[in-house]
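Q: Each residue of the sequence shown is one higher than the last, beginning at 172 in the numbering used here.
The beta carbon of each residue, even a glycine, is placed where N, CA and C say it ideally should be.
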Amino acid sequence: MKKAQLLTSLLMVSGAFALVACGGGDKKPADQAAAGAAPAAPPPLINTIQKIKDSGKVVVGHRESSTPISYVVDGKPVGYAMDICANVVEQIKKDLNMPNLKVEYKAVTSSTRIPEIQAGNIDMECGTTTNSLKRQEQVAFSTNYYVTEVRMLVKKGSNIKSIADLDGKAVVTTQGTTSDKYIKQGEQGAKVNVTNVFGKDHADSFAQVESGSAVAFFMDDNILAGLMANAKNPADFVITGPILSTEPYGIMLNKGDPEIKKIADKAVLAMIQSGGMEKAYKKWFQSPIPPKNINLNFPMNESLKKLLAEPNDKGI
Numbered sequence: 172m173k174k175a176q177l178l179t180s181l182l183m184v185s186g187a188f189a190l191v192a193c194g195g196g197d198k199k200p201a202d203q204a205a206a207g208a209a210p211a212a213p214p215p216l217i218n219t220i221q222k223i224k225d226s227g228k229v230v231v232g233h234r235e236s237s238t239p240i241s242y243v244v245d246g247k248p249v250g251y252a253m254d255i256c257a258n259v260v261e262q263i264k265k266d267l268n269m270p271n272l273k274v275e276y277k278a279v280t281s282s283t284r285i286p287e288i289q290a291g292n293i294d295m296e297c298g299t300t301t302n303s304l305k306r307q308e309q310v311a312f313s314t315n316y317y318v319t320e321v322r323m324l325v326k327k328g329s330n331i332k333s334i335a336d337l338d339g340k341a342v343v344t345t346q347g348t349t350s351d352k353y354i355k356q357g358e359q360g361a362k363v364n365v366t367n368v369f370g371k372d373h374a375d376s377f378a379q380v381e382s383g384s385a386v387a388f389f390m391d392d393n394i395l396a397g398l399m400a401n402a403k404n405p406a407d408f409v410i411t412g413p414i415l416s417t418e419p420y421g422i423m424l425n426k427g428d429p430e431i432k433k434i435a436d437k438a439v440l441a442m443i444q445s446g447g448m449e450k451a452y453k454k455w456f457q458s459p460i461p462p463k464n465i466n467l468n469f470p471m472n473e474s475l476k477k478l479l480a481e482p483n484d485k486g487i
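(1) Thinking Ile394 and Ser237 are a contact (beta carbons under 8 angstroms), I'd like their distance in whole angstroms, please.
(2) Ser416 lies in the beta strand (DSSP E); which residues open and close that run?
(3) Report the partner residues of Ala374 according to the DSSP bridge assignment.
(4) Are the beta-carbon atoms of Lys432 and Phe312 separated by less than 9 angstroms?
(5) Within this structure, are the beta carbons of Val409 and Lys326 separated by less than 9 angstroms?
(6) Between the alpha carbons of Ala278 and Tyr242, how many angstroms are there, rounded?
(7) Could you name each continuous beta strand (DSSP E) segment of 3 residues or more that falls completely within the region 266-291, going from the start of the chain to the end?
(8) On the three-state DSSP scale, how would you describe Asn466?
(9) Is DSSP giving Asn326 helix, strand or coil here?
(10) Can you name the start and end residues of the alpha helix (DSSP H) that Glu473 belongs to?
(11) Go ahead and label Asn367 buried or exposed: buried means 16 or more other beta carbons lie within 10 angstroms of its beta carbon, across all protein chains shown.
(12) By Cβ distance below 8 angstroms, which residues in the same chain neighbour Val386 in space, the five residues on each side in sequence not counted?
(13) Distance check for Lys454 and Val365, CA to CA, integer angstroms please.
(14) Can you tell which of Ser384, Leu440, Ser458, Pro461 has the C-alpha that lies nearest to the C-alpha of Leu478?
(15) Closer than 6 angstroms by C-beta to Ser282: which residues in its own chain qualify, once you throw out the five before and the five after it? Chain order, please.
(16) Tell me which residues share the same chain as Cys256 and place their Cβ nearer than 7 angstroms to its Cβ, disregarding the 5 neighbours each side in the sequence.
(17) Considering only the beta carbon of each residue, do Lys228 and Leu272 sit closer than 9 angstroms?
(18) Report the partner residues of Gly232 according to the DSSP bridge assignment.
(19) Short of 8 angstroms in beta carbon distance, which residues of its chain neighbour Ala451, apart from the five on each side in sequence? Order them along the chain.
(20) Pro461 to Ile487, Cα distance in whole Å?
(21) Enumerated in chain order, which unbroken segments of the alpha helix (DSSP H) with a length of 4 residues or greater are wholly contained in the region 430-457?
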């Protein structure tokens, strides 16, 4: 966890309010010094397909605690995104005529996932990565496979129901996620002072609320639901507040090879059109899942229903 930073922000509260859990626009001294320096050269683009052919393996990046999208159970990565990426791997085997293609898995975090893709250490990232226009400058994305809504998780009985209730309190989000980039304005204004805490991963961020170090955890609602379901006492927490942002997830890929995106798109579209994506959703969001056989009972939101009806790879 990074050292908490005290930020004073003018946050606007209304039904149309949009916020990111943490992060401000002010530059730190180091940022100001770097502003005048020449921009660093972008990392070299990598031909992923050629790399796979040469090595005889595909390396799949995954998360460790993003239940039920991408997480680890008994040392094995599982989840909604992992099922989708398994189909992508099968498509690669078919299109490259490599039936004996080996699959390796590598855990990534919010901070390491983009550098790992750019360096070619992983060939695809199967997790909870928002397909954003900013990220598209660095990496590529497959057709989107999920749409999440950003909200906040708090302890039940905390009486925190809106952004205005956070004045003078600490809030947490996970380092390197899109949730630390939005401090948006709505119609009615209220000045609030919040201490921003950054967790090293989603489990760490949740632990800050569990321990009382922070009163609210801002993140994608599906991640919050998964963490809450696996808590020691799930009934102690509630997901509340307005929908702050609606964000699509895609499989993250290296920008250097359009062919790998073409194959990934083919696999994702086939799952959507065959009904496989809806089956995967029911499996991971509306059925008992490991390790505790808990059913999240998480209904499909309207944004995801629209995506499955009209597949696209649009970023936000």
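A: If we stick to the structure as given:
(1) The pair is a contact, with the Cβ atoms about 6 angstroms apart (cut-off 8 angstroms).
(2) Taken as a continuous stretch (DSSP letters only), the beta strand (DSSP E) holding Ser416 covers 408-420.
(3) The partner list for Ala374 (beta bridge, DSSP) is empty, contrary to what the question assumes.
(4) In this structure, Lys432 places its C-beta atom within 9 angstroms of the C-beta atom of Phe312.
(5) For Val409 and Lys326, yes; Cβs fall inside 9 angstroms.
(6) Cα to Cα, the separation comes out at about 9 angstroms.
(7) The region 266-291 contains these whole beta strand (DSSP E) runs: 273-278.
(8) Reduced to three states, the DSSP call for Asn466 is strand.
(9) The sequence given here has Lys at residue 326, not Asn. For Lys326, the three-state secondary structure derived from DSSP is strand.
(10) Going by DSSP, Glu473 is part of the alpha helix (DSSP H) stretching over 473-480.
(11) Label assigned to Asn367: buried.
(12) So the qualifying residues of the chain are Val325, Lys326, Ser329, Ile331, Leu337, Lys340, Ala341, Val342, Val380.
(13) Rounded to whole angstroms, Val365 to Lys454 spans 38 angstroms at the Cα level.
(14) Residue Leu440 is the option with its Cα nearest to Leu478.
(15) The beta carbon of Ser282 sits closer than 6 angstroms to those of Gln346, Gly347, all from its chain and outside the five residues before and after it, given in chain order.
(16) Within the same chain, Cys256 has close Cβ partners Val231, Met295, Cys297, Ile422.
(17) Leu272 sits close to Lys228, with the two beta carbons spaced by under 9 angstroms.
(18) DSSP, once it has assigned bridges, lists Lys277, Glu296 as partnering Gly232.
(19) Closer than 8 angstroms at the Cβ level, and outside the excluded window around Ala451, lie Tyr251, Asp254, Ile255, Met442.
(20) So the two alpha carbons sit approximately 32 angstroms from each other.
(21) Listed in chain order, they are 447-456.
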